[in-house]
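S.K.:
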Amino acid sequence: MNQLTFQAGRRSLCVGVVAFAAVLLGFGSLAASDSVRKSGYAVGTETCGSGDLAFPKVQIDMKAGFCAGLVASEEDQLKFPRSIIQLPGHDLFVVADMGGWGHADGRLLLLDPHAAGGQRFKELLTGVEYPFGLVIGPDKKLYASTAETIFRFDPLADNPRGTVETIIRHMPGRRITLPDGTRLEESAHPLKQFVFDRNGRLFVNVGAHSDDCITPAPIRRPCAPAESASAMAAIWLFTPPSGGVFPALKPGDTDPPHTIYARGLRNSMALVLHPNFPDAGYAFLQGENGRDLPDIFKPNEEINAIEQGRHYGWPYCYDLSTPSPEFKLVLQAGIYKTLCTSNALYKQPFSLMPPHGAPLAMLYYHGSKFPELEGKLLVGLHGYRPTGSRVLIYDVDDHGFPKPAPAPVRYHVSCAADPTHNFQTDVGDVAAAPFEELIAGWHRVNGARPQGSPVGMTVAEDGAIWLVEDKNQTVIRIDRAAGDAPPPLPCDTRSQALIDQLAAFVARDAQNKTRLTTLRKNLVEKHCIGCHSDFGLKAGQSDADKDATVLRFMLSQDGWIYPGDPQSGKLRTRLRGIGGEKLMPPGGESLPKTEPGYAALLTTADLLVARMVPGTPMRVKPGLPQRKFFSKANKECGEIPAAKVVVVTQRNAVDKPGFSRFFRPADPHLNGECSDDDGYYIRQEFLVPVQ
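With the first letter of the sequence shown counted as 1, position 170 gets the number 169 in numbering that gives the first Met the number 0; the numbers rise by one all the way through.
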């Protein structure tokens, strides 16, 4: 679209069988409690807040002294909320609801938190393409963005649509043409986040067109879409005329001129300026969404200290100074020679953040409700991996920069066998800014909550923190809570019924029975006993009982085995020491060379997982970023990213025509209302066989 258009109108799971049973008992009691479900959250009579700003309390593991109240949910017809902001002087909020990735399904909504449930939203504008950014401008008016435009309007007018004034209308958006003439119908990062400084200057994120700009090897030239005066993967600067306010564009007017303020930033959805910026020395910070490497601990996300004219690495460097191997030739000559190591153009990240966390919101807290947070930096991590789904608190110096600490600096990894991890790059442990967690435990717990997916945040005039979640279709308000924080909820695990079913599949397959016996004798009993509660093995068990016990133990460990998809599970990465995972068994680096048959044993483990369930391995087709999957009863359970392998047990599911069934390969994508025992189903047209 070339112009704005509207339609009318911490827990370690390295546990034994006994502890696993306790988790199941806890889960059972939780499911039996008297509560109702809203967007996957179990809510009862307990509230968070006071007066007419008291909302149903949701079970999220939070810092002591804080609680979360559910203001709005999918019952309020929220579809894909992405940002929120309060209107100055009013106890009203505007929410940008993208509606999904359906191009022009977005809406801007007015939220009245004092209204009755189900009546809290009023549509202001509809038919908006990818609305995201919401900012109160220097003129105290509300500014918003689409994929290509930035505009302002009056949300309290009788006819908000009639007050729309577009100030920029032609930024790279969803449909773009690359320098080589290639036409993209869906750029990878079309959303626009933006901030104003005290002088009315406007800084806009123009995200990269792809994940990594990789083209067929050998790559000898810089990434063309990230070059020139209209570079993507950059922050654009627009300077207003005298008076500090951009004029409304009339038909035929050109956009105000822009400069490239900073380059090499893959997607700057988290931007924040210190209140004293642009005074010398004050912070302009960016939260970088790094490239999508499959390693859970690589690359780290970044906090960048933005300076005019600097290059921040994408797609040539990641972490602190690790060169992207695909661009080796580019880094040997030309303007980017030795960019990642000794080129004055490059500015390293100020600090690393948890890998794959996906920072989508960043703000300095200023408010009376939480004096302990005053001036501190809050960062929302949206990412679905165990390092995401949380809100961080950084202590900062007088100029707004987080305070770094020498290595090692550890961070929390949700639902992992190793619940903390050092900030590391390819050269080892590195310094980083440590942080607290305002929200820490936001992993999925069936019957209690879905996995958290925070996007936009804002601080209200009363000091409360408001945030929106897109995957769960909620608005949440954070208020003061009395007393100690409740104990964290355990990480969800496979149900015993599903473990029984998967074990039965293995028992009926002669080849997999043999593989399991081989693994138990030559791997578990030989190398692993003593590390993992002896895998539940007891004296006097028959060989068949030992095999079953070992298999059930492995299936009960969160993330170890994804049936049919060995490359996704920790059983493989830990046995092979892939990426940042610690090698199992400890000190086993030499086993493939010193122990005959050990390398073949690792292949046997892969085959056991790959053939665990009958059916044809299928993957989600390339295309839109996610594909929805459902329960047998048609409850929407979540979305699986393109190219994620799923295991189809029935090409034509006998109990759900037109769908194929798979076995929980996508734990991070499940919401809190779906049950493993009910099965997961995805439309057949979304799938293609794994090659």
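Built from N, CA and C at the ideal position, the CB exists for glycine as well.
Going by C-alpha to C-alpha distance, which of Glu128, Asp96, Phe131 sits closest to Glu122?
M.R.: The residue given as residue 122 occupies position 123 in the sequence shown. Considering only alpha carbons, the answer is Asp96.
S.K.: Quick check: the stretch 206-226 against the stretch 314-330, are at least 3 beta-carbon pairs closer than 8 Å?
M.R.: Segments in contact, yes.
S.K.: Tell me whether Glu371 is buried or exposed, calling it buried when 16 or more other Cβ atoms sit within 10 Å of its Cβ.
M.R.: As a position in the sequence shown, residue 371 is number 372, starting the count at 1. Exposed: under 16 other Cβ atoms inside 10 Å.
S.K.: Comparing C-alpha positions only, which one of Asp157, Pro55, Arg81, Arg173 sits nearest to Pro112?
M.R.: Start at 1 with the first residue of the sequence shown, and residue 112 comes out as number 113. Comparing Cα-Cα distances from Pro112 to each of Asp157, Pro55, Arg81, Arg173, the minimum goes to Pro55.
S.K.: Residues in the same chain with beta-carbon distance under 6 Å from Ala665, minus the five sequence neighbours each way, listed in chain order, please.
M.R.: Counted from its first residue, the sequence shown places residue 665 at position 666. Because Ala665 sits at a pLDDT of 49, beneath the cut-off of 50, its placement in the model cannot be relied upon, and the following sentence gives the value as read from the coordinates. Excluding positions up to five away in sequence, the list reads Ile639.
S.K.: Name, in chain order, the residues that DSSP records as bridge partners for Tyr680.
M.R.: Taking the sequence shown and counting its residues from 1, one reaches residue 680 at position 681. Tyr680 pairs with Phe629, Arg660.
S.K.: Among Gly98, Leu52, Gln58, Ile83, which has the Cα closest to the Cα of Glu73?
M.R.: As a working mapping, residue 73 is identified with position 74 in the sequence shown. Cα-wise, what sits closest to Glu73 is Gly98.
S.K.: Does the Cβ-Cβ distance between Ala304 and Ile259 come in under 9 Å?
M.R.: As a position in the sequence shown, residue 304 is number 305, starting the count at 1. As a position in the sequence shown, residue 259 is number 260, starting the count at 1. Cβ atoms of Ala304 and Ile259: not closer than 9 Å.
S.K.: Taking the C-alpha atoms as reference points, what is the distance between Asp278 and Arg197?
M.R.: Here residue 278 is taken as the residue at index 279 of the sequence shown, counted from 1. Here residue 197 is taken as the residue at index 198 of the sequence shown, counted from 1. Those two C-alpha atoms are separated by around 10 Å.
S.K.: May I have the straight-line CA-CA distance separating Lys512 from Gly374, to the nearest angstrom?
M.R.: Counted from its first residue, the sequence shown places residue 512 at position 513. Counted from its first residue, the sequence shown places residue 374 at position 375. About 60 Å.
S.K.: Determine, using beta-carbon pairs with one atom in the stretch 183-198 and one in the stretch 119-137, whether at least three such pairs fall under 8 Å.
M.R.: Contact between the stretch 183-198 and the stretch 119-137 is present, because at least three Cβ pairs lie under 8 Å.
S.K.: Going by the beta-carbon positions, is the gap between Leu351 and Asn299 smaller than 9 Å?
M.R.: Here residue 351 refers to the residue found at position 352 of the sequence shown. Here residue 299 refers to the residue found at position 300 of the sequence shown. A contact, by the Cβ cut-off of 9 Å.
S.K.: Taking DSSP as the reference, what is the three-state secondary structure of Lys525?
M.R.: Position 526 of the sequence shown, counting from 1, holds the residue named residue 525. Looking at Lys525 - three-state DSSP - the assignment turns out to be helix.
S.K.: Let me check understanding here. Comparing Cα to Cα, which of Glu226, Ile577, Cys636 lies closest to Tyr335?
M.R.: Locating residue 335 in the sequence shown gives position 336, where the first residue counts as 1. If we check each option's Cα against that of Tyr335, Glu226 comes out closest.
S.K.: Please classify Val644: is it buried, with 16 or more other beta-carbons within 10 angstroms of its beta-carbon, or exposed?
M.R.: Counting from one through the sequence shown, the residue named residue 644 turns up at place 645. That one is buried.
S.K.: Assign Leu362 to one of three DSSP states: helix, strand, or coil.
M.R.: Stepping through the sequence shown from its first residue, residue 362 is reached at position 363. Reduced to three states, the DSSP call for Leu362 is strand.
S.K.: Which of helix, strand or coil does DSSP assign to Ile213?
M.R.: In the sequence shown, the residue the question calls residue 213 occupies position 214. In the structure shown, Ile213 sits in coil (DSSP, three-state: anything other than H, G, I, E or B).
S.K.: Pull up the distance between the alpha-carbon of Phe662 and that of His310, whole angstroms please.
M.R.: Reading the sequence shown from its first residue, position 663 is the one you call residue 662. Reading the sequence shown from its first residue, position 311 is the one you call residue 310. About 44 Å.
S.K.: Buried or exposed for Gln118, going by 16 or more other Cβ atoms inside 10 Å?
M.R.: Position 119 of the sequence shown, counted from the start, is the residue given in the question as residue 118. Classification for Gln118: exposed.
S.K.: Inspect the CB distances between the stretch 520-540 and the stretch 476-488 and report whether three or more fall short of 8 Å.
M.R.: The stretch 520-540, when compared against the stretch 476-488, does not touch it at the 8 Å Cβ threshold.
S.K.: Provide the residue span of the alpha helix (DSSP H) that contains Ser341, from first to last.
M.R.: Within the sequence shown, the letter at position 342 stands for residue 341. Per DSSP, Ser341 belongs to the alpha helix (DSSP H) from 338-341.
S.K.: Please report how far the alpha carbon of Gln500 lies from the alpha carbon of Met611, in whole angstroms.
M.R.: Working through the sequence shown from its first residue, we reach residue 500 at position 501. Working through the sequence shown from its first residue, we reach residue 611 at position 612. Answer to the nearest angstrom: the Cα atoms are 11 Å apart.
S.K.: So, under 8 Å CB-CB, Gly451 and Ile438 are touching, yes? Tell me the CB distance rounded to an integer number of Å.
M.R.: Sequence index remark: in the sequence shown, residue 451 carries index 452 (1-based). Sequence index remark: in the sequence shown, residue 438 carries index 439 (1-based). Going by Cβ atoms, the distance from Gly451 to Ile438 rounds to 7 Å, so yes, they are a contact pair.
S.K.: Could you spell out where the beta strand (DSSP E) holding Met352 opens and where it closes?
M.R.: Taking the sequence shown and counting its residues from 1, one reaches residue 352 at position 353. First-last of the beta strand (DSSP E) with Met352: 350-352.
S.K.: So is Thr386 buried or exposed if we call it buried at 16+ other beta carbons inside 10 Å?
M.R.: The residue you call residue 386 lines up with position 387 of the sequence shown. Looking at its Cβ environment, which holds 16 or more other Cβ atoms inside 10 Å, Thr386 is buried.
S.K.: Tell me the rounded alpha-carbon separation between Leu107 and Gln472.
M.R.: Counted from its first residue, the sequence shown places residue 107 at position 108. Counted from its first residue, the sequence shown places residue 472 at position 473. Their backbone Cα atoms lie some 14 Å apart in a straight line.
S.K.: Taking the alpha-carbon of Leu264 as reference, which of Ser341, Asp469, Ala233 has the nearest alpha-carbon?
M.R.: Residue numbering aside, residue 264 sits at position 265 when the sequence shown is read from its first letter. Among Ser341, Asp469, Ala233, the Cα nearest to that of Leu264 belongs to Ala233.
S.K.: Mind reading off the beta-carbon distance from Ile302 to His355? Whole number of angstroms is fine, and I expect it under 8 Å.
M.R.: Residue numbering aside, residue 302 sits at position 303 when the sequence shown is read from its first letter. Residue numbering aside, residue 355 sits at position 356 when the sequence shown is read from its first letter. Ile302 to His355, Cβ: 15 Å. No contact.
S.K.: If Arg448 sits next to Ile59, beta carbons under 8 Å apart, how far is it from one beta carbon to the other, in whole angstroms?
M.R.: Here the question's residue 448 lines up with position 449 in the sequence shown. Here the question's residue 59 lines up with position 60 in the sequence shown. With 8 Å as the limit, Arg448 and Ile59 qualify as a contact, their Cβ atoms being about 7 Å apart.
S.K.: Are the Cβ atoms of Cys212 and Ile477 separated by less than 9 Å?
M.R.: The sequence position of residue 212 within the sequence shown is 213, counting from 1. The sequence position of residue 477 within the sequence shown is 478, counting from 1. Contact flag unset, no.
S.K.: What is the DSSP secondary structure of Tyr260, reduced to helix, strand or coil?
M.R.: Sequence index remark: in the sequence shown, residue 260 carries index 261 (1-based). Tyr260: strand per DSSP, three-state reduction.
S.K.: Looking only at C-alpha atoms, which of Lys37, Met61, Val70, Gly39 sits nearest to Asp51?
M.R.: Looking up residue 51 in the sequence shown gives position 52. Cα-wise, what sits closest to Asp51 is Val70.
S.K.: Using a threshold of 9 Å, state whether the C-beta atoms of Cys414 and His381 are closer than that.
M.R.: If you number the sequence shown from 1, residue 414 lands on position 415. If you number the sequence shown from 1, residue 381 lands on position 382. Taking 9 Å as the Cβ cut-off, Cys414 and His381 do not qualify as a contacting pair.
S.K.: For Pro405, which residues from the same chain have a beta carbon less than 7 Å from its beta carbon, with the 5 sequence-adjacent residues on both sides left out?
M.R.: Working through the sequence shown from its first residue, we reach residue 405 at position 406. The answer, listed in chain order, is Ala430.
S.K.: Hey, how far is the Cα of Ala156 from the Cα of Ala114?
M.R.: Position 157 of the sequence shown, counted from the first residue, corresponds to residue 156. Position 115 of the sequence shown, counted from the first residue, corresponds to residue 114. So the alpha carbons of these two residues sit roughly 19 Å apart.
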